[in-house]
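Each step along the sequence shown adds one to the number in my numbering, with nothing skipped, and position 88 is 403.
Following: one structure in structure tokens, then a few remarks.
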Amino acid sequence: MAQCGVTIGIPDAPPVFQAVATAERPTQKLNWKTDSPVWVEQWPPSKEKLKALQELVDEQLAKGHIVETMSPWNSPVFVIKKANKGKWRLLHNLCQINNVIEDMGSLQPGMPSTVVLPQNWNLAIIDNKDCFFQIPLHPDDAPRFTFSVPTLSREAPRKRYHWKFLPQGMKNSLSVCQWYLSSLLSPVCAAAGEAIILHYMDDVLVCAPNDDLLSHALDLTIDSLVAVGFELQEEKIQRMPPWKYLGLEIDLAYVAGVVSRAEQAVLSEVSNSALFNLLSKLVNLISHQEQQFYVMHIRSHTDLPGFIAEGNRRADALAAPVEMAPLPNIFGQAKISHQLFHQNAPGLVHQFHLTPEQARAIVSMYPSCQQHALPALSAGADPRGFKSCKVWQMEVTHIMSFGTQRYVHISVDTFSGAAYASAHTGEKFSDAMKHLIQAFSFLGIPKSIKTDNGPTYTSRSSEASCSNGE
């Protein structure tokens, strides 16, 4: 290029770059809640799955991802068949191990925004194949990620292995991956000059204003990744548009992803005039905005505090369905409630403060609800509650086929008809108290209980307990 009289501003890499980029990388030590070994037994797989498991283990052993061990830790593994490929995938169940690992927290809470990339800059994207398998575990942590490979019919001692590299399924894998890639690419970013390098998970995006600077930054990035063992395939390096990055498709002009920027959209006539008017107002407001803004995708519906989450909460409240708003007509509410829950007339009076005539009119309007009605109590002086846990009816019946536990104590809520029964060896008040404790745990505590005049409920101990509120 010098013969043509053109000078390309490619910065020289600092002399320490190669030493920093190719040096042995440090490992991130995990924090553990306990040092006591966790052992979860391996379940026996079928003959077909055992064969596939052994082949996958031999493959990982040949790649140096696992080593044989006698660690006191163990977690089960299993294999699943990949869809439409006829191949198997090895999965390590680390649920119990994750329970004793302290959370690290995310170092990169969300994926980087591509809308900030300068327009018309050149791009290249690198897809790191099996990124986690290139990130080493700390030597003190590796033996805790151990699994066993059983033998068919226990014909030989099983072999045990532990991972040397980051296992998939460990809850801090993403944080360790973010930390490790950042330590790898930090010297590259310093040496790449004006180029922009974004990384998230196993994707690395390199952006530069011209081809020469892009090639320089891309070569530095590839060299630093290959030097520490990353497997980069040429077909996984995207050099030409359209580029695919983290679910987005990028071309030379804009990002086409979650949303389209309204100020760049062309609004055409649509058949729905109301929709057209709304969109016209939106485009007009955006084109005359006074504050700078940009459109991006963010995980906003979370419990984390912030103005974005609060704005979404308010928008959701305004966009709630009309059916969720309270009805202004109390009589209409009572009709809808009766259609759904089939309350009787006294229940409607108590819940919606209707007159008895109005409540009876609603009940008579829906004769089909009678099939859902609770069995009516026999005529007599037994009171009936106007809501659940208001008045209970309690009695004891004998079922001789139950043997020694033939005394069945029964409690019935007179409003809802909910009943609870328990079998006991007697009908003394102590047996009744055992029954009531069980009934309270299922049905709640009533305001009053109606009983007969039997000795179970008229003894001195029962009177003393009731008077003391026990």
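Backbone N, C-alpha and C define an ideal beta-carbon position, used for all residues, glycine too.
Nothing here was measured: the structure is a model prediction, and the numbers come from that model.
Length of the line joining the Cα atoms of residue i and residue j
i    : j    : result
A747 : I677 : 40 Å
L406 : D631 : 39 Å
F744 : T766 : 12 Å
W478 : L371 : 13 Å
S361 : K474 : 17 Å
L597 : K396 : 49 Å
K348 : Y515 : 28 Å
V321 : D526 : Unreliable positioning characterises V321 in this predicted model, as indicated by a pLDDT of 35, which lies under 50. A coordinate reading is not provided.
N644 : M419 : 54 Å
V431 : L422 : 20 Å
D517 : V382 : 25 Å
V519 : Q553 : 10 Å
L533 : E550 : 15 Å
D456 : D373 : 22 Å
G718 : R699 : 33 Å
P482 : S490 : 13 Å
N768 : E710 : 10 Å
S774 : Q666 : 38 Å
P451 : Q493 : 13 Å
Y681 : G647 : 14 Å
Y772 : R629 : 56 Å
Option in the options with minimal Cα separation from residue i
i    : options                : result
P458 : A506, I441, S468, H380 : H380
A649 : Q673, S390, K378       : Q673
L365 : D517, R469, S351, P433 : R469
Q434 : I511, E383, L496, V491 : I511
N414 : F591, V543, H657, L345 : L345
E363 : V706, Q357, T712, K402 : K402
L663 : F730, G626, T719       : F730
R675 : A660, L600, W436, E546 : A660
A542 : Q449, D456, K551       : Q449
I752 : S726, G769, H665, T773 : S726
N763 : K702, Q606, F460, C504 : The identity of residue 763 in the sequence shown is Ser, whereas the question assumes Asn. The option with the nearest alpha carbon to S763 is K702.
W558 : L438, F545, L529       : L438
V464 : D442, L600, Q369       : Q369
S351 : I416, L655, M709, F480 : I416
Q708 : Q720, S716, A733, M715 : A733
Where the beta strand (DSSP E) through residue i begins and ends
i    : result
L520 : 518-523
K559 : 558-560
Y772 : Here Y772 belongs to no beta strand (DSSP E); instead the alpha helix (DSSP H) covers 770-773.
H514 : 511-515
I764 : 763-765
Opening and closing residue of the alpha helix (DSSP H) in which residue i lies
i    : result
F656 : 645-656
I601 : 588-602
I537 : 526-542
H680 : His is not the amino acid found at residue 680; the sequence shown has Met there. Its alpha helix (DSSP H) spans residues 671-680.
Proximity below 8 Å, CB of residue i to CB of residue j
i    : j    : result
S428 : I412 : no
V392 : R404 : no
S386 : F447 : no
Y735 : F757 : yes
Q375 : K444 : no
G508 : L409 : no
W388 : W358 : no
Y495 : T384 : no
V706 : P761 : yes
T536 : V503 : yes
S530 : L500 : no
H724 : H750 : yes
As an exercise, report each continuous beta strand (DSSP E) stretch of at least 3 residues that is fully enclosed by the region 421-506, in chain order. 437-442, 461-464, 474-478
So within the region 703-747, which uninterrupted beta strand (DSSP E) runs reach at least 3 residues, ignoring any that extend past its ends? 706-713, 722-728, 734-739
Note down, one range per segment and in chain order, each alpha helix (DSSP H) of at least 4 residues found wholly within the region 340-417. 362-378, 410-414
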